[in-house]
């Protein structure tokens, strides 16, 4: 704990007394703070909290593992200082049971512990996404078919409105999308009912949520344009020539904008509708003799922008009058009603299909956990007994990346908290970039707004960590300079000012190199076969080569070292379709590169060949698959040979023709022999083992290794057997089943993930998407492809979804099939667009804050002068750009270049834009701003070879001292070799068996003729004792067995062999009565403890080494009695005396006793073996 914490970090670590929201900027050490707070809570010398009474929830397994490892390492360090501290040793054991996990893992634990209250089996599994996608498609198709059969006229009208006319694919997609969306809300059916009420035809359009959204947007738009027109008038009226030509029209336009503004403020819908259609823009006069062309263009640009805004309002937002909107509602209401009913029916069918396969998906985990924790009563959320009990067992809830929670997850956290007074929430709303997963940064913003600043007395409170320990000051200054101008509450959802600014706190050696470079690549003169991305990539490749050849130094652990390829990352908004372009250009320049692109796994050449082979083995009469196999490197047939085979029997399947041709061709005979071996093996081998057998038999894995990208191809082949092994759980236990599954996946357009081409430590330049870069950092970052247009494709969907505004769609005339936009559709477009652009801004923030030392921003512009002049129109006297103009951006480049025009070093950009230096803002950071005019290389390959030679190191002579040191290390003998033989973890039963001589051996299962084996009968009895309701069983044993069979806890065979007399003896006995009288009874209690290795290994005892073994086990039953514990272990062994059981299991119960006393901190008064064979308890 020797780290020097800042005052704010220390507050976040040590504050006690209530809930805390920690707003942690990029690079501010939020994970370190969270971990330190956990450590200090459990290692508190005065008031320690048991480690298993803390819940630390993250959003990725990697993050959870990192936090657990950090806490464990810190505890180990404390124990090394105080080895006799029993409390710390106990905390380390409890840490294994601590809830340091993902939200889904936490929900899974809650469900498994309370499965009896839900219609799920405790041994459920999480379905593979492709497997679930097939089930969703089946469920949607079945439900739609049933509605067709039902003859519902409203349904037929819905089909006509939603479907494309050729099939029902769009309707089923709409149903699936709506179902997925509503499940991110706490009570999906309630959400559907609530949003259906919005379609009440009697609600005036101006009073509807959609109308209010549009009116607010109109007010914002007209406020902006009225101001712009007035500013333009000031310029016009200052020049006689301009005033004569433009003043009248600009005055008319300004008055018109004011009229629209007043109507929007007053909610006068029809007034605006008529005004938008009743105004004619008059022609401007000719400003002859006025020579300032740039000024004229800016004035005309202002008026044209206003015209475009009016046109958009007329054709889109105000698409209907009050009366027409009512007609739309009357037409849409029955269709939306049946759509929502269809979604509910689909949800039920999908749940049924998952239940039949004992599957859950990740959203099920959240919804089922929420169902256990809260109920909705009269519109109010009420906590259940499970929630109240769970909240008492958790002292504090730590939530990492809180800005990414959705509404369901937030309700879960509230339910398990103690009236929301023991929450520790860490995050940064500026890095909330998962709205597509229904993340709601609004939740973080709400707490940030209502919580008071931390003062050590009042809670809940908020603390801001603004110091950045990642980046050089030049990088943080650049981020602040850009986002101070563009990010606001209206655009970005948070005001970037004050506490939100990054404060540089990282310590780096001085450098003369520019820490931030903005390169604007002129792409005006593209060759016919060139793209702007190629120019940009070629420029970046040149920069990388120059940096490394010039000996760029980067900092690692406080010391300088030569930079290498792995220190450099290229960040793109989307890698799809672009990453390969950049990779090709870098590779052409001799730069090793790795891209995180993942193509279609099934279309990878090596995988496609294997799939064809598997299909051929399953059905050799499939000519297409057989041809693909024969032409592959596996058998290497030529086209000529294929022709000869075909001619051997022209009308028969190719396989039979090959059988004829094999009489004269050894190659064909070898093919048939191989296929026969594989078909024979397929009968007995599982699909994954069959695939491995293919590699052994044909050597195909070694063949692909010799191909380009051989390592990746080999990894893809290995993945195929892993995928096959995974799908065995879903019922694909035969080759035919696996082939059918893969075929269905390909028909549905589904795929699997490809294997990575490089390890994380490989010395390559990485090309990453900005999303994937979150949480990472690189000494040198190139933020590229900034001129890529924002993806607004979702806004063109025929139906839209929004958490507040609900569902919207277009209206279609049944006779003409002509579609019309609607007020709900346009309102949702506005809100979704605004949210999407806010998220794009946060994605840019994430990208720019990945750089540790040197940040390069690269954008290719086809006409940079015109683009910059257009962006210059958005500049005002205020530092903060108008949110309305910021919302009009089409790319990252628009935001970056607009802000950069006000940077002192960007004189070259201002010159192109026609601006002087009066717009420059003061800033301490220094940028390098360049206009790049690329020249296409005459001989790219030769140039690349020459340039590569600069950075290839020469062979070095032997370093003899180093050689001796290496030999010394190679010959060194590990001093703790005895510890290698000691396992790190064992089950209690393993230890007991190792030290107990078995006196009885049972025959194998096949020696028992018919029925269940004795071991299976014993397992059935154990299963009853594990899952039954003891009180119900004591009242009506047969009824309880019947219930367990109905709910699939027991199979019919197991139910039939359970000995009810033995169970009745147990429930009538004194031990059962003691259990019923106990204040607390725990079944299947899992525990973890430590065992001194000396007790396990005599070699370790002789060596004197201090090693420990983690031991784990599960106690059948533990109950409290008189303030102490009683351990009960059920035994079905066929014995004749109690001594036999005592001899076998006394050591096992000894370890149970020791472990439970340590973990539960209560004494064990008695250990009991209950023998069903003897019908009595045996106390040990």
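Numbering (my numbering), first residue to last: 1 to 1180.
Cβ atoms here follow ideal geometry from the backbone N, Cα and C, with glycine treated the same way.
query = Are the segment 1046-1056 and the segment 1008-1027 touching by the rule of at least three beta carbon pairs closer than 8 angstroms?
reply = yes
query = Three-state secondary structure (DSSP) at residue 630?
reply = helix
inquiry  = Would you call the segment 98-107 in contact with the segment 356-369, where contact means no fewer than 3 C-beta pairs closer than 8 angstroms?
reply    = yes
task = Please name the residue or residues paired with residue 927 in a DSSP beta bridge.
result = 516
key: residue 557 versus residue 510: straight-line alpha-carbon distance, rounded   = 15 angstroms
inquiry  = Within 8 angstroms, do at least three Cβ pairs link the segment 782-789 to the segment 638-645?
reply    = no
Candidates 303, 678, 323 and 416, of which the one nearest residue 282 by Cα = 303
query = Which residue or residues does DSSP assign as beta-bridge partners of residue 504?
reply = 468
key: CA-to-CA distance, residue 847 to residue 741, given in whole angstroms   = 39 angstroms
ask   = Nearest CA to the CA of residue 427: which residue from 440, 415 and 421?
value = 440
query = Just how far apart, CA to CA, sit residue 804 and residue 172?
reply = 23 angstroms
Buried versus exposed call for residue 606 [16 or more other C-beta atoms within 10 Å across all chains shown] = buried
ask   = What residues are listed by DSSP as bridge partners for residue 1081?
value = 1119
request  = Note the first and the last residue of the continuous alpha helix (DSSP H) segment covering residue 766.
outcome  = Segment 765-769 is the beta strand (DSSP E) holding residue 766; no alpha helix (DSSP H) there.
inquiry  = So, for residue 1162: in the same chain, excluding its five sequence neighbours on each side, which residues have a beta-carbon less than 7 angstroms away from its beta-carbon?
reply    = 1124 and 1125
inquiry  = Could you check whether the segment 869-878 touches the segment 887-905, counting it as contact only if at least three pairs of C-beta atoms, one from each stretch, sit closer than 8 angstroms?
reply    = yes
query = Where does residue 179 fall in DSSP's three states?
reply = helix
query = Alpha carbon to alpha carbon, what distance is there between residue 391 and residue 1029?
reply = 25 angstroms
With 16 other Cβ atoms within 10 Å as the buried cut-off, status of residue 983 = exposed
message = Going by the DSSP bridge assignment, what does residue 522 pair with across the sheet?
response = 861
key: Among 336, 565 and 751, nearest to residue 134 - alpha-carbon criterion   = 751
key: Rounded straight-line distance, which links the Cα of residue 1139 to that of residue 422   = 52 angstroms
task = Could you name the residues that DSSP lists as bridge partners for residue 1108?
result = 1092
inquiry  = With DSSP as the reference, identify every bridge partner of residue 1177, one or two as the case may be.
reply    = 1170
ask   = Are residue 424 and residue 398 close, meaning C-beta to C-beta below 9 angstroms?
value = yes
message = Rounded to whole angstroms, what is the Cα-Cα separation between residue 15 and residue 456?
response = 7 angstroms
task = Compute the Euclidean distance between the alpha carbons of residue 48 and residue 807, then round it to the nearest angstrom.
result = 50 angstroms
request  = Would you give the residue range spanned by the beta strand (DSSP E) that residue 91 belongs to?
outcome  = Careful: residue 91 lies outside any beta strand (DSSP E), inside the alpha helix (DSSP H) at 86-95.
inquiry  = For residue 537, count the other beta carbons within 10 Å of its own beta carbon; 16 or more makes it buried, fewer makes it exposed. Which is it?
reply    = buried
The segment 199-218 in contact with the segment 306-320 per 3-pair CB rule at 8 angstroms = yes
inquiry  = I'd like the list of long-range same chain contacts for residue 1181, defined as Cβ closer than 8 angstroms, with 5 residues on each side in sequence excluded.
reply    = Nothing about residue 1181 can be read from this structure; the chain reaches only from 1 to 1180.
task = Assess, as a yes-or-no matter, whether the segment 4-23 is touched by the segment 454-470 under the definition of 3 or more beta carbon pairs within less than 8 angstroms.
result = yes
message = Which complete alpha helix (DSSP H) runs does the segment 633-720 hold, if anything under 4 residues is left out?
response = 639-648, 654-661, 666-684, 687-698 and 700-705
query = Given a threshold of 16 other Cβ atoms within 10 Å of its Cβ, counted over all protein chains shown, does residue 202 qualify as buried or as exposed?
reply = exposed
key: Distance CB(residue 1198)-CB(residue 513) smaller than 9 angstroms   = Outside the displayed range of the chain (1 to 1180) lies residue 1198, so it cannot be described from this structure.
task = Could you check the C-alpha separation between residue 1264 and residue 911 for me, to the nearest Å?
result = Since the displayed the chain opens at 1 and closes at 1180, residue 1264 lies outside it and no answer follows.
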